[in-house]
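Okay, structure first, notes after.
Chains as they are written, first to last, in my numbering: chain A, 1 to 145; chain B, 146 to 546.
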C-alpha cells in the first residue's frame, strides 16, 4: 500500500499509550500485540493486566502476520465515507493464538474466491495524520499458504 | 448446590399491563410525548394509577447518541409523571433490552417496589429523516477519532450491526449449510403477521422473490433481513405477584429469566461465533424452571436482523444448534397456527424497530387474548420472549396464572 491516492477515507483510531504499538507497528511491517511475559498469552484488545494470570508484566511483540479467515460479510451499503463498494469486512484469527481475532477488511481477493478457513497474511494501509500516522492492518490471501 | 426451581425469586414477579404509543415510520412527534403515551397506557391497562407506580426501569436511559436511539431517560419520566420511586434504573450495559425488565423483576421480588413502570422508546425514523441510517453514522471530515469498542470496527468501515451480524450468519451458512431461502422465512413470516397488525409499518404481501431480489445490504443480508427504523414508545408494568391478584388483567407470572453471558462481552471476540450470548442467557433460563422448550406455545424473538431470531430459536432449544434453517423453512411451524407461533405482530422487520420491548408487548397481548385479527388460534398460557443479539441478550419465560 504505497500509493496514497488509492487509500480510502477511514475514521482513524484515537491513539493512546495502550493501542499505539498496534496501530503503528505497520510502519515496520509488523503486526503487534501486547503479550503476557509470564504466561505468554496475547492480550487483545489491549488491557493493563493479563486476563489469564493477572500479571502486569506485559510487553509488545510482533507476530507473523499470518491468519485464518473466520467469517466475512460483503458490505454493499454506504454507511459512511470509506472504501469503494462493495468491500469485504472480515473476522480473522491470528495463527499464533486463534482466540485473538480482528475485525478487518479482506483485500486483494475476488469475492467469488473467498472461503471461510482460507489462509491470509497482513498488509498495511498507511494513513498520515497530524496526531500520529497509523498503519491499518488489512488482510489478503497468503500466496505461501 | 442447585436450588429447587420454585425458589427462584423472579417467580414473585409478573407482567400486569402493557401500553404502546402511536407507531410510525416517521411521526415527527416529541419523543417524550410518545414515551409518556406508552407509559400512561400501560399503567391504565394494568388498572393502576401513577400513584401506584413505585419503581421505574428503562433501556438504554438518556443518551445523546446515536440520534433517535432513546426517547427519554429514567429521570425524565419520573419527573414528568411525578413518580415516587422505591427503586429505579436506566442503562444500556445489561442483558439486552429485556435486561431492564429482568432488573424490574428482581426489584419487585426483593421488595424494593410493588409496581415498576418499564419502558423503551425510539424515534430513529424521524432522526434519520430521508437520509436513512447514514444520517446517524459517524462521518468524516471532522476531528473525530474512533475509540472504545468502535475503535475495532469503525476503522475498518464496519459501523453497522448489519455487517457484524451478517458475519455470524455467514459463518452459520458455512458450518451448517443454512441458505438465504431459509433465512427468508423470518422475514416472510413477519410480513404475513404484520398484515393483521394495524400498527405495523410494512403490511403489503411479500414473496420469496421479493425477498431474494431486494438489494443487498451486507451479505448474506438483503434489505428485508434488516429491521425498519421507526418512532414509538412501548411500556410494560412489572408487579409483585402478591400485589397483582386484584388488578385488571390475569397476571403473567415470570416463570424464569435468562441474563447470563459467559464468553467475552464482545461481538468479534466471543468464544464461539456460531452462537452468541443468547446461548448463556437461554441455558440459564432453563435451569430456573421445570418447564421445557416443548411446553412453550409461542415465541416472540428479536429480529433486528433476521438471523438473530434463528440464533434465539437454537439457543432456546427449540431445535439443535445449526438446525434452525430446516426448522423455519416453509414457514408452517412458525405460523400463527403452527406449533411455535413466532413474532406474531410482524417483528421489527415489518412492525418497526421498537427495540426489544415490542416482543414483550406482543407476547403479553397474545397471552391476554387481546391481539385481535392476529390472535394465535390456540390459547397461549406459556410464552417465551427473547431480545437482543451478540453480547447483549436476555429472555423471559411467562406463564399465565
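Every residue, glycine too, gets a C-beta built ideally from N, C-alpha and C. Since the model is a prediction, treat every value here as computed from it, not as a measurement.
Sequence-distant partners of residue 220 of chain B (beyond 5 residues in either direction) whose C-beta falls short of 8 angstroms from its own C-beta, in its chain, are 207 and 235. Ranked by Cα distance from residue 532 of chain B, the options B/224, B/362, B/454 and B/179 are led by B/454.
Rounded to whole angstroms, the separation of the alpha carbons of residue 396 of chain B and residue 188 of chain B is 14 angstroms. Between the alpha carbons of residue 376 of chain B and residue 504 of chain B lies a gap of roughly 16 angstroms. When Cβ pairs closer than 8 angstroms are counted between the two stretches, the stretch 469-481 of chain B is seen not to touch the stretch 429-436 of chain B, the count staying below three. Comparing C-alpha distances from residue 523 of chain B to each of B/502, B/496 and B/489 shows the shortest one belongs to B/489. Around the C-beta of residue 85 of chain A, fewer than 16 other C-beta atoms lie within 10 Å, and the residue is accordingly described as exposed. Straight through space, the alpha carbons of residue 415 of chain B and residue 52 of chain A are spaced by roughly 16 angstroms.
Non-local beta-carbon contacts of residue 241 of chain B in its own chain, meaning distances under 7 angstroms to residues more than five positions away in sequence, involve 501, 532, 533, 537, 538 and 539 in chain order. Contact check between the stretch 508-517 of chain B and the stretch 328-337 of chain B: fewer than three CB pairs, one atom from each, fall below 8 angstroms, which does not count as touching. Taking the Cα positions, residue 194 of chain B is about 31 angstroms away from residue 270 of chain B. Taken through DSSP and simplified to helix, strand or coil, residue 57 of chain A comes out as coil. Among the CB atoms of chain A, one or more fall inside 8 angstroms of the CB of residue 303 of chain B. For the stretch 316-341 of chain B, the beta-carbon criterion of a distance under 7 angstroms to any beta-carbon of chain A is satisfied by 316 and 319. Inter-residue distance for residue 428 of chain B and residue 24 of chain A is about 42 angstroms (C-alpha atoms, whole angstroms).
Assigned with DSSP and collapsed to three states, residue 308 of chain B falls in helix.
Taking 8 angstroms as the cut-off, the Cβ atoms of residue 75 of chain A and residue 308 of chain B count as close. As a beta-bridge residue in DSSP terms, residue 376 of chain B pairs with B/169 and B/268.
With a beta-carbon spacing of about 6 angstroms, residue 313 of chain B and residue 418 of chain B fall inside the 8 angstroms limit used to define contacts. A residue is called buried once 16 or more other Cβ atoms fall within 10 Å of its Cβ, and residue 296 of chain B is buried on that count. Scanning its chain for C-beta atoms nearer than 7 angstroms, with the 5 sequence neighbours on each side dropped, one finds around residue 118 of chain A the residues 69 and 141, in chain order.
The Cβ atoms of residue 179 of chain B and residue 167 of chain B lie closer than 8 angstroms to each other. Taking one beta carbon from each stretch, the stretch 478-498 of chain B and the stretch 357-375 of chain B have 3 or more pairs nearer than 8 angstroms; the two touch. A Cβ-Cβ contact shorter than 8 angstroms links residue 341 of chain B with residue 518 of chain B. Residue contact with chain B for residue 122 of chain A: absent (no Cβ-Cβ distance below 8 angstroms to any residue of chain B). In the displayed model, residue 502 of chain B falls within a helix according to three-state DSSP. Judged by beta-carbon spacing, residue 384 of chain B lies beyond the 8 angstroms limit of residue 525 of chain B, meaning their Cβ atoms are not closer than that value. The beta carbon of residue 76 of chain A falls within 8 angstroms of a beta carbon belonging to chain B, placing the residue at that interface. Secondary structure of residue 418 of chain B (DSSP, three-state): coil.
Residue 183 of chain B and residue 266 of chain B do touch by the CB rule: their CB atoms are close to 6 angstroms apart, below 8 angstroms.
Taking CB atoms only, residue 446 of chain B has no neighbour in chain A less than 8 angstroms away. Beta-bridge analysis with DSSP links residue 121 of chain A to A/66 and A/140. By the Cβ-count criterion, residue 125 of chain A is buried, with 16 or more other Cβ atoms from all chains shown falling within 10 Å of its own Cβ. Taking 7 angstroms as the cut-off between beta carbons, the residues of the stretch 28-57 of chain A near chain B are 45, in sequence order. Comparing C-alpha distances from residue 61 of chain A to each of A/11, A/43, A/12 and A/13 shows the shortest one belongs to A/43. When DSSP reads this structure, residue 540 of chain B sits in a beta bridge with B/403 and B/531.
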